[in-house]
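To start, the structure itself, in structure tokens.
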Amino acid sequence: TAGVRRERSGERTFLAYGGDWGDNPNDGNFQADGIVPADRGHTGKAAEVKRIYQAIGVSPAAGAGALTSGALSSGALTLTNEYLFTNLREFDAGWTLVADGKAVRRGRLTRAQLDVAPLSRKDITVPLALPAAPAPGTEYFLELSFTTREPTPWGDAGFEVAKAQLPVDAGSPAVTPQPLESVPALRHRDDGRAITVTGRDFSVTVDRSTGVITSYEAHGRRLITSGPVPNFWRAPTDNDRGNGQHTRNQTWRDAGARRTVTGVAVRALGQRAVEIAVTGTLPTTVASAYTTTYTVFGNAEIKVDNTLHPGAASLPYLPEVGTLLLLPGRLEHLHYYGRGPEENHWDRNDGTDVGLYSGTVSGQWTPYIRPQENGNKTDVRWVALTDGDGDGLLASGEPLLEFNASHFTPEDLSLGARHDYQLTAREEVVLRLNHRQMGVGGDNSWGAHTHDEYKLLADRDYRYTYRLRPLSGVRGATGASRRPTATTLRE
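So the sequence shown is numbered by our numbering: it starts at 738 and just counts up by one.
As structure tokens, then:
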């Protein structure tokens, strides 16, 4: 193919596509929306394809997996060689035992272990040496990496050709909630317009008319500007546009923003917690119901329980079930424990491993040639948005959530911009904490729908919970997320 690059002094460059020259008819961006973008950059799609296509498989050996969890209970593995003519001895391989995203033990596979003939499999054992008394809630994974031993015409020595991540059942005991009676006392005030909860070095204000938090401050610093607002929309992807989803599912587009609050109930849970239950209706084609319950604890933690009851099973499936929050722009630093580092989705996350990842909010942007939904993360244990000192907001799922951190709302990306330069980034951080976003599909991009098992159908209720808390130092994020506050007093 031939490329044309025209640079104009003082202006931003961009990748143009069909229609940018006034040409009609044209193929739009169809010629530049594949697995590898036009500038040969890396995307989550490429990571997914590489993992699915790899010719080396790793699985628990027969009898090595815990039947209830599918996790390894020992180091017994089965290596599968799907190469037609290559013995696995031609590669190097190493393994790492990881606890809560941090390596605790490493080793190498021997040449004898790697002696697996083409189109065959072999059982091996790695010495995991699991701890006798793991800390409560600690999560273990076994990671394996296979790399080239010698340079090839297509890559340097040490190029990774395959990798695997397997959960390990180390017998970690369950997490014990922090007793409610151990947190400081708080107080609340209801002036008819808003409920304000104050405690030791923090305050939370919930607006009665909208049901959202209008201020969440701790140690004199604001953590939330507004939200969480129910959100059921994602910016249309190329696949969505190809099958008409962006028009078919319009009833959900601004349903959360247009919610009508029908009731706000406030209840003190002793002197150390306050429950604020917000009920409302959504203006979908057949009216739906949505409830948000905030439980504010004396240690500044907020438990957020959400329930969506679609008005009818005949409503179109939902692009997303979640909430949208606006955070101060200073919370630009992003840290999370979940799948990454590339963006990933419900039906496209085999190529991303669970781990600890850090970056910036702006750095989560995937520059598709046409602006659209991007940056999603799945299987997230916790996510933290912080300032440069590591102080900020921690959100943790119960047990898991999805999130998207950006400087654009889904609506910002749904207004028809053809190129990134036509967008204006918001100063604040747009954080979406989701139960789930529907899959992105991709059997083709001109009509195929996302598979039914990856759709959020309207024939059921959706309930999900997450917790918000101030964070002082990212190193304490995993521990804090593992210590939720109990909602009842011990007898």
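For each residue, glycine too, the CB sits at the ideal point set by N, CA and C.
{"Item": "Range of the contiguous alpha helix (DSSP H) that encloses I1039", "Value": "Here I1039 belongs to no alpha helix (DSSP H); instead the beta strand (DSSP E) covers I1039 to H1046."}
{"Item": "Best match in L1168, P890, E880 and G1153 for proximity to T833 [C-alpha to C-alpha]", "Value": "E880"}
{"Item": "Residue environment, L821, which counts as buried when at least 16 other CB atoms sit within 10 Å", "Value": "exposed"}
{"Item": "Contact set for H1046: own chain, Cβ-Cβ below 7 Å, skip 5 residues either direction", "Value": "S1025, A1026 and D1198"}
{"Item": "Sequence-distant residues of the same chain with beta carbon closer than 6 Å to D1042, five excluded per side", "Value": "T1030 and T1202"}
{"Item": "Assigned exposure category for V1023 - 16 Cβ within 10 Å defines buried", "Value": "exposed"}
{"Item": "Residue ranges of each beta strand (DSSP E) within the region 946–1018, 3 or longer", "Value": "950–955, 958–961, 963–968 and 997–1005"}
{"Item": "First through last residue of the beta strand (DSSP E) which encompasses A1154", "Value": "Counting along the chain, A1154 falls outside any beta strand (DSSP E), and DSSP gives it neither H nor E."}
{"Item": "Per-residue DSSP class, three states only, for F1145", "Value": "coil"}
{"Item": "Sheet register partners of A901 (DSSP bridge)", "Value": "L881"}
{"Item": "contact_flag[the region 901–910, the region 1207–1218] where n(CB pairs < 8 Å) is 3 or more", "Value": "no"}
{"Item": "For V853 and V816, believed in contact at Cβ under 8 Å, the rounded distance", "Value": "The displayed chain sequence assigns Leu, not Val, to residue 816. So it is a contact: roughly 5 Å between Cβ atoms."}
{"Item": "contact_flag[the region 782–790, the region 1118–1126] where n(CB pairs < 8 Å) is 3 or more", "Value": "no"}
{"Item": "Where R930 sits in the DSSP three-state scheme", "Value": "coil"}
{"Item": "Terminal residues of the beta strand (DSSP E) in which Y1098 lies", "Value": "Correcting the residue type first, residue 1098 is Val in the shown sequence and not Tyr. That residue, V1098, is in no beta strand (DSSP E); it is neither H nor E in DSSP."}
{"Item": "Identity of the residue in L752, V912 and E827 nearest G1216 by Cα", "Value": "V912"}
{"Item": "Assigned exposure category for T988 - 16 Cβ within 10 Å defines buried", "Value": "buried"}
{"Item": "Given 8 Å, three or more beta-carbon pairs between the region 1061–1070 and the region 962–972", "Value": "yes"}
{"Item": "Among G948, D829, N1036 and R995, nearest to R1220 - alpha-carbon criterion", "Value": "N1036"}
{"Item": "Close beta carbons around A803, own chain, < 8 Å, minus the five adjacent residues each side", "Value": "The predicted position of A803 is uncertain, since its pLDDT is 47 and thus under 50; a value taken from the coordinates is nonetheless stated next. L809, S810 and D906, listed in sequence order."}
{"Item": "Distance, D1084 Cα to V1166 Cα", "Value": "26 Å"}
{"Item": "Pairwise C-alpha distance: A798 and D770", "Value": "40 Å"}
{"Item": "Anticipated Cβ contact below 8 Å, K1114 with G1075, distance rounded", "Value": "5 Å"}
{"Item": "For Q1159 and Y754, the rounded distance between their alpha carbons", "Value": "15 Å"}
{"Item": "Contact check, E827 vs R777, beta carbons under 8 Å", "Value": "no"}
{"Item": "Three-state class that DSSP yields for E1057 in the structure shown", "Value": "strand"}
{"Item": "Stretch pair the region 943–952 + the region 1000–1015: three plus CB contacts closer than 8 Å", "Value": "yes"}
{"Item": "Where I1255 falls: helix, strand or coil (DSSP)", "Value": "Shown here, the chain extends from 738 to 1228; a query on residue 1255 therefore has no answer."}
{"Item": "Whether A1142 touches L1071 by CB criterion (8 Å)", "Value": "yes"}
{"Item": "Burial state of K839, where buried means 16 or more other Cβ atoms lie within 10 Å", "Value": "exposed"}
{"Item": "Enclosing beta strand (DSSP E) for R1204 [first to last residue]", "Value": "Y1199 to S1209"}
{"Item": "Exposure of H956, with buried meaning 16 or more beta-carbon neighbours within 10 Å", "Value": "exposed"}
{"Item": "Nearest neighbour of F1034, chosen from E1057, V920 and T1021 [CA to CA]", "Value": "V920"}
{"Item": "Backbone CA spacing between T823 and S1182 [nearest angstrom]", "Value": "35 Å"}
{"Item": "For A972 and G1184, the rounded distance between their alpha carbons", "Value": "17 Å"}
{"Item": "Per DSSP, the bridge partner or partners of K782", "Value": "DSSP, once it has assigned bridges, lists no residue as partnering K782."}
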